[in-house]
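> First the structure, which I've put down as structure tokens, then a few questions once you've had a look.
Residue numbers (my numbering), protein chains in the order written: chain G, 1293 to 1622; chain E, 56 to 323.
Here's what the structure looks like:
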């Protein structure tokens, strides 16, 4: 792939976390002699993304997702390896690079608190050197899509979390970035707002062909938005592919459920029994046996609500990370 | 080149507009401003009391009035709060926003600082005038060349900004860089001429103190403004100011560049 929008080779980030007591005296002493604890946040990452791809970084807390994202955005400098985004080395933070990318962080506000969002937009117009016609066109488009025409005239501090996030997105997209970095963009938002933001990002990507890189704790965000997933755990790339491929690889069994007047005598012969209760049966079945099992279940008396599912994503994640933190990902 | 200049002018105007609006909305810092910067006026009360029974050194009562009112006002024109802004942004990760913009965060801070000037002046000038009138010191001594005073003020502003950025950048490595600034501020109050005109320190000590950056960032411009620095002292004082501005500018630039490379972007 020569036309990669993002190319990462042997990327590492090692943090030296200073270890010291609190207080001014310790701060002064730390200027002279410091003790460190070494943390390898990212180790030997390797991947490349094509223009217009939507990619999700998945992993438990502290897995290195956000560190990787920040290295791609040029906020932190890699300890080793190479990063190239839109043909630039991000950490050099050249203005030409910064004008081609945008970073939205769900946990950080970037708009000025006391001013209406529209003032922030206007400020970005000047700083990003957006020409007047393009600015007006994009502002109209974005404010209509996100429905913030009224909201953007109120001081940012008066906005709800969701309204603010919409305004953050407008501010981030006014300069028409080729690469959009989204760090937990829907954190703390209610379900309908999450859906709205998700839909907007998908649409924006489809219409403008921008490469979108997303980290999220909400599995649903990633599953719904990103045809391609990079699983990062312990600072390493553990998986690169579609969510279906991930599911099949980690939890190959399909979940089959049915309701019937009488259940088969020996359901354990069909697969692993997850639930057997009243007239309801839930089984985990090997993929190659699904047609056979479904055939048998359909033939049950008064069979209804027959369904075949992939394993729930949370289970996939739990299985993948094999530790408690992964539960949060649900 | 002219295109770059006009872009710089546009960006400056944009930062100015947004900062001015913020400064107006930023009430807490205004309160801090009132509390921390009326210090020379407290000194004025003290010293003019002492001078009531006769001059102290070469300062009589009206001299003290002029000196401290000038010190109060000039401090407004040169003050900065970049150290709090910067160290806060580094610690919380808010610096990310500035780093992602295609403009220098340092330029942003500098313009933001300048943008607060009109408001500071609007608040400080009436206070200065009232004090001056109350103290009966309306006869202002000959301030010498206005251009020289202006130049000296600009240099004092640069020294202050350099110090603020230097100490603020320490937050890249140290959690309590603002505590270090408190130390600086303590020395500043004693050694800059805000509490005592530095020429009143004992001979020998006075020369040392007057060569330090504290005096260069306040005492010297004040002496210029009230016509106490003349002849060779003007050139010498300006040269010292240039020296300190360059030294802190260079230090700030080095620390900033290294700090950004050490920056960890904060936040999971």
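Note that CB positions come from ideal geometry on N, CA and C, so glycine has one too.
Quick caveat: nothing in here was measured; it's all calculated off a predicted structure.
DSSP beta-bridge partners for residue 1332 (chain G)?
Locating residue 1332 (chain G) in the first chain gives position 40, where the first residue counts as 1. Residue 1332 (chain G) pairs with G:1306.
> Alpha helix (DSSP H) containing residue 1430 (chain G): first to last residue?
Against the first chain, residue 1430 (chain G) aligns to sequence position 138. First-last of the alpha helix (DSSP H) with residue 1430 (chain G): 1424 to 1438.
> If contact is defined by three or more beta carbon pairs under 8 angstroms, each pair taking one atom from either stretch, is the segment 1600 to 1609 of chain G in contact with the segment 1529 to 1544 of chain G?
Judged by Cβ distances under 8 angstroms, the segment 1529 to 1544 of chain G makes contact with the segment 1600 to 1609 of chain G, as three or more pairs qualify.
> Does the beta-carbon of residue 1460 (chain G) have 16 or more other beta-carbons within 10 angstroms, so that it is buried, or is it exposed?
Taking the first residue of the first chain as 1, we reach residue 1460 (chain G) at position 168. Flag for residue 1460 (chain G) reads buried.
> Looking at the C-beta of residue 152 (chain E), does it have a partner C-beta in chain G at a distance below 8 angstroms?
Residue numbering aside, residue 152 (chain E) sits at position 97 when the second chain is read from its first letter. With 8 angstroms as the cut-off, residue 152 (chain E) counts as an interface residue toward chain G.
> Measure the alpha-carbon distance for residue 1462 (chain G) versus residue 93 (chain E) and round it to whole angstroms.
On the first chain, position 170 is the one that residue 1462 (chain G) refers to. On the second chain, position 38 is the one that residue 93 (chain E) refers to. Distance between the alpha carbons of residue 1462 (chain G) and residue 93 (chain E): 43 angstroms.
> Measuring alpha carbon to alpha carbon, tell me which residue in G:1374, G:1389, G:1383 and G:1445 is nearest residue 1405 (chain G).
Position 113 of the first chain holds residue 1405 (chain G). For residue 1405 (chain G), the nearest C-alpha among the options comes from G:1445.
> When DSSP builds the beta bridges, which residues end up paired with residue 1568 (chain G)?
Taking the first chain and counting its residues from 1, the one referred to as residue 1568 (chain G) is at position 276. Looking at the DSSP assignment, residue 1568 (chain G) forms a beta bridge with G:1573.
> Compare the beta carbon distance of residue 78 (chain E) and residue 174 (chain E) with 8 angstroms and say whether it is the shorter of the two.
For this step, residue 78 (chain E) is matched to residue 23 along the second chain. For this step, residue 174 (chain E) is matched to residue 119 along the second chain. Going by C-beta atoms, residue 78 (chain E) is nearer than 8 angstroms to residue 174 (chain E).
> What residues are listed by DSSP as bridge partners for residue 1340 (chain G)?
In the first chain, residue 1340 (chain G) corresponds to position 48, counting from 1. Beta-bridge pairing links residue 1340 (chain G) to G:1299.
> Residues of chain G with CB under 8 angstroms from residue 234 (chain E), in chain order?
Walking along the second chain from the start, residue 234 (chain E) turns up at place 179. By Cβ distance, chain G contributes 1316 and 1319.
> Are there 16 or more other CB atoms within 10 angstroms of the CB of residue 147 (chain E), so buried, or fewer, so exposed?
Here residue 147 (chain E) refers to the residue found at position 92 when the second chain is read from its first residue. Exposed, by the Cβ-count rule.
> Contact criterion: CB-CB distance below 8 angstroms. Does residue 1444 (chain G) meet it with respect to chain E?
For the purposes of this step, residue 1444 (chain G) is identified with residue 152 of the first chain, where counting begins at 1. Closer than 8 angstroms: no.
> Give the C-beta separation of residue 1349 (chain G) and residue 1535 (chain G) to the nearest angstrom, bearing in mind that I take them to be a contact with Cβ-Cβ under 8 angstroms.
Numbered from its first residue, the first chain carries residue 1349 (chain G) at position 57. Numbered from its first residue, the first chain carries residue 1535 (chain G) at position 243. Contact doesn't hold; Cβ gap of about 13 angstroms is too wide.
> Do the segment 93 to 109 of chain E and the segment 121 to 129 of chain E meet, that is, are 3 or more Cβ pairs less than 8 angstroms apart?
A contact exists between the segment 93 to 109 of chain E and the segment 121 to 129 of chain E.
> Does the segment 1356 to 1366 of chain G come into contact with the segment 1473 to 1481 of chain G, if we say contact requires no fewer than three beta-carbon pairs (one atom in each stretch) closer than 8 angstroms?
Segments in contact, yes.
> Starting from residue 66 (chain E), find everything on chain G with Cβ-Cβ shorter than 8 angstroms and list it in chain order.
Counted from its first residue, the second chain places residue 66 (chain E) at position 11. By Cβ distance, chain G contributes 1418 and 1419.
> Using a cut-off of 8 angstroms between C-beta atoms, extract the partners of residue 1339 (chain G) located in chain E.
Translated into positions along the first chain, residue 1339 (chain G) becomes position 47. Correct list: empty, because the minimum Cβ distance to chain E is about 20 angstroms.
> Between the C-alpha atoms of residue 1616 (chain G) and residue 1395 (chain G), what's the straight-line distance to the nearest angstrom?
In the first chain, residue 1616 (chain G) corresponds to position 324, counting from 1. In the first chain, residue 1395 (chain G) corresponds to position 103, counting from 1. A caution first: residue 1616 (chain G) carries a pLDDT of 45, below 50, which makes its placement in the model unreliable, though a value can still be read off. Each residue's Cα considered, the two are about 30 angstroms apart.
> Report buried or exposed for residue 1593 (chain G), applying the criterion of at least 16 other Cβ atoms within 10 angstroms of its Cβ.
Taking the first chain and counting its residues from 1, the one referred to as residue 1593 (chain G) is at position 301. Flag for residue 1593 (chain G) reads exposed.
> In the structure shown, what three-state DSSP assignment does residue 1479 (chain G) receive?
In the first chain, counting from the first residue as 1, residue 1479 (chain G) sits at position 187. Coil at residue 1479 (chain G), not helix or strand.
> Here's the rule I'm using: 16 or more other beta-carbon atoms within 10 Å means buried, otherwise exposed. How should residue 1621 (chain G) be labelled?
In the first chain, residue 1621 (chain G) corresponds to position 329, counting from 1. Summary for residue 1621 (chain G): the model assigns pLDDT 39, below 50, so the residue's position carries little reliability; its value from the coordinates is reported in the next sentence. Buried, because 16 or more other Cβ atoms sit within 10 Å of the Cβ of residue 1621 (chain G).
> When you compare only the Cα positions, how much space is there between residue 1451 (chain G) and residue 1443 (chain G)?
Position 159 of the first chain, counting from 1, holds the residue named residue 1451 (chain G). Position 151 of the first chain, counting from 1, holds the residue named residue 1443 (chain G). So the two alpha carbons sit approximately 7 angstroms from each other.
> Taking only runs that begin and end inside the segment 80 to 159 of chain E, name each unbroken alpha helix (DSSP H) of 4 or more residues, in chain order.
Complete alpha helix (DSSP H) runs here, min 4: 82 to 92, 94 to 105, 116 to 133, 137 to 147 and 150 to 155.
> Residue 1418 (chain G) and residue 69 (chain E) look like a contact to me (Cβ under 8 angstroms); what is the Cβ gap, rounded to whole Å?
Taking the first chain and counting its residues from 1, one reaches residue 1418 (chain G) at position 126. Taking the second chain and counting its residues from 1, one reaches residue 69 (chain E) at position 14. Their Cβ separation, rounded to whole angstroms, is 4 angstroms, which keeps residue 1418 (chain G) and residue 69 (chain E) in contact under 8 angstroms.
> Using 8 angstroms as the cut-off, can you tell me whether the segment 131 to 138 of chain E makes contact with the segment 206 to 215 of chain E, which would need three or more C-beta pairs spanning the two stretches below that distance?
The segment 131 to 138 of chain E vs the segment 206 to 215 of chain E: in contact.
> Give a yes or no on whether the minimum CB-CB distance between residue 218 (chain E) and chain G is below 8 angstroms.
Counting from one through the second chain, the residue named residue 218 (chain E) turns up at place 163. No, because no Cβ of chain G sits closer than 8 angstroms to the Cβ of residue 218 (chain E).
> Please list, in chain order, the chain E residues whose beta carbon lies closer than 7 angstroms to that of residue 1387 (chain G).
By one-based count along the first chain, residue 1387 (chain G) stands at place 95. Within chain E, the residues near residue 1387 (chain G) are 157.
> Under 8 angstroms, CB to CB, which of the residues in the segment 1349 to 1372 of chain G have a partner in chain E?
Result list: 1353, 1354, 1358, 1359, 1362, 1365, 1366, 1367, 1368 and 1369.
> Over what stretch of residues does the beta strand (DSSP E) that includes residue 1372 (chain G) continue unbroken?
As a first step, residue 1372 (chain G) must be located in the first chain, where it is residue number 80. Per DSSP, residue 1372 (chain G) belongs to the beta strand (DSSP E) from 1372 to 1377.
> Is it buried or exposed for residue 1315 (chain G), if we count other Cβ within 10 angstroms and need 16 for buried?
In the first chain, residue 1315 (chain G) corresponds to position 23, counting from 1. The residue in question, residue 1315 (chain G), is exposed, as its Cβ has fewer than 16 Cβ neighbours within 10 Å.
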